[in-house]
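So the structure is just underneath, and the comments pick up after that.
Residue numbers (our numbering): 2 to 343.
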């Protein structure tokens with residue numbers, strides 16, 4: 002696979018930082034879930050009223066913390082492994098498709114291959130083909146996040162959204178929300194802030210890794226940052242629901258900062274004040290550590306810190322794991338040969 006040169010990646014990364022340095026990704030702790038006991042007391046006093054947001058959230062019970070953590074850890078590891086196996090198969094299928102298209106294009110005129118009927122379709126096709134792979138991946142992730150955000154606006158879906166699209170170690174469902182909450186935002190400001198940061202950093206990251214590896218890393222970062230959040234909530238015995246993409250986004254930011262630590266960054270409204278990417282990463286980690294120690298409750302700092310740590314670890318050691326994907330690709334090649342016969 003051929004990706005952009007390291008020099009071009011550094012330029013893309015510096016530009017992304019300059020555009021997004023004032024946009025802080027955040028994984029929020031939902032305001033109506035900071036005191037689960039209060040919600041249950043209110044429901045008990047008014048048995049005739051419907052409380053869809055409350056009745057699906059179970060308060061933490063003594064002796065269940067270790068079982069919850071063990072279950073969520075196994076799920077996180079399994080989900081991460083499945084993400085990279087799936088990404089390897091996805092890359093194999095993309096390579097196979099590109100080879101097939103190349104052979105077909107040698108027999109088809111370029112005009113006939115690219116032509117779309119209708120002026121609008123033609124313009125849309127030209128616009129899409131002009132996007133970088135990183136931008137296409139970012140737009141796909143944004144589309145999923147927007148769809149989930151609209152689902153939060155449907156009253157009948159509130160019980161489902163609370164149970165499956167917000168992570169809480171005290172909930173009846175602890176595994177699926179670790180993934181789904183990564184694509185979940187109930188606030189428009191929260192959604193816009195995270196997606197703006199994603200569109201700034203995704204192009205440089207995809208240019209460095211390729212879209213398949215980026216998606217696998219993003220999903221793994223999301224589920225492992227959710228586990229970090231669970232770990233902190235169980236340890237402090239303060240269960241609350243949280244949601245947002247910032248754990249995964251901060252993993253991408255941290256990885257890029259480690260990859261290009263000397264890249265000079267600047268705050269968008271203070272262009273004369275510059276600092277290195279390495280210093281920016283230290284500031285992010287320090288803020289989240291302070292948030293955990295000082296018990297700040299507005300943001301899920303444990304999830305933020307978990308995402309940053311995963312991003313650092315991945316850029317240092319994850320590449321070696323990804324290089325061994327040939328075993329998966331060869332196995333999939335043998336399986337697909339017997340299934341498809343080609």
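All C-beta atoms, glycine included, are put in the ideal place defined by N, C-alpha and C.
Rounded C-beta distance between residue i and residue j? I'm assuming under 8 angstroms.
| i | j | result |
| --- | --- | --- |
| residue 353 | residue 178 | The displayed coordinates of the chain run from 2 to 343. Any statement about residue 353 would go beyond what the structure contains. |
| residue 329 | residue 89 | 4 angstroms |
| residue 303 | residue 230 | 5 angstroms |
| residue 199 | residue 84 | Contact doesn't hold; Cβ gap of about 17 angstroms is too wide. |
| residue 311 | residue 222 | 5 angstroms |
Give me the Cα-Cα distance between residue i and residue j, rounded to the nearest whole angstrom.
| i | j | result |
| --- | --- | --- |
| residue 325 | residue 158 | 42 angstroms |
| residue 260 | residue 254 | 10 angstroms |
| residue 86 | residue 271 | 43 angstroms |
| residue 80 | residue 235 | 21 angstroms |
| residue 340 | residue 332 | 13 angstroms |
| residue 73 | residue 169 | 11 angstroms |
| residue 191 | residue 135 | 22 angstroms |
| residue 239 | residue 224 | 20 angstroms |
| residue 69 | residue 164 | 15 angstroms |
| residue 217 | residue 151 | 25 angstroms |
| residue 147 | residue 251 | 19 angstroms |
| residue 284 | residue 76 | 31 angstroms |
| residue 266 | residue 196 | 20 angstroms |
| residue 174 | residue 309 | 25 angstroms |
| residue 257 | residue 313 | 9 angstroms |
| residue 294 | residue 227 | 18 angstroms |
| residue 99 | residue 211 | 15 angstroms |
| residue 296 | residue 289 | 10 angstroms |
| residue 282 | residue 262 | 9 angstroms |
| residue 160 | residue 154 | 12 angstroms |
| residue 189 | residue 156 | 17 angstroms |
| residue 183 | residue 101 | 35 angstroms |
| residue 137 | residue 92 | 16 angstroms |
| residue 323 | residue 103 | 26 angstroms |
| residue 124 | residue 202 | 26 angstroms |
| residue 279 | residue 128 | 35 angstroms |
| residue 131 | residue 144 | 19 angstroms |
| residue 149 | residue 204 | 23 angstroms |
| residue 334 | residue 126 | 32 angstroms |
| residue 327 | residue 273 | 47 angstroms |
| residue 78 | residue 176 | 11 angstroms |
| residue 42 | residue 162 | Model confidence at residue 42 stands at a pLDDT of 35, short of 50, so the residue's coordinates are unreliable; what they give is reported in the following sentence. Using only the alpha carbons, I get a separation of about 22 angstroms. |
| residue 105 | residue 275 | 51 angstroms |
Residues bridged to residue i by DSSP?
| i | result |
| --- | --- |
| residue 121 | BP columns for residue 121 are empty, so no partner. |
| residue 277 | 265 |
By alpha-carbon positions, which one of the options ends up nearest to residue i?
| i | options | result |
| --- | --- | --- |
| residue 277 | 83, 264, 150 | 264 |
| residue 209 | 127, 239, 133 | 133 |
| residue 1 | 249, 319, 266, 317 | What is shown of the chain runs 2 to 343, which leaves residue 1 out entirely. |
| residue 301 | 243, 334, 308 | 243 |
| residue 185 | 142, 67, 205 | 142 |
| residue 316 | 105, 206, 281, 233 | 206 |
| residue 319 | 286, 215, 130 | 215 |
| residue 1 | 247, 97, 336 | This structure gives no information on residue 1, because the portion of the chain shown stretches from 2 to 343. |
| residue 67 | 220, 237, 122, 95 | 237 |
| residue 337 | 162, 102, 94, 311 | 94 |
| residue 245 | 123, 299, 105, 104 | 299 |
| residue 96 | 311, 213, 241 | 213 |
| residue 71 | 194, 82, 126, 232 | 232 |
| residue 286 | 327, 307, 139, 82 | 307 |
| residue 139 | 193, 162, 176, 126 | 193 |
Measuring only from the beta carbon, is residue i closer than 7 angstroms to any heavy atom that is part of the ligand NAP?
| i | result |
| --- | --- |
| residue 329 | Of the ligands one can find in the structure shown there are none, so the ligand NAP has no counterpart to examine. |
List in chain order: all unbroken beta strand (DSSP E) runs of 3+ residues lying wholly within the region 235 to 272. The region 235 to 272 contains these whole beta strand (DSSP E) runs: 265 to 268.
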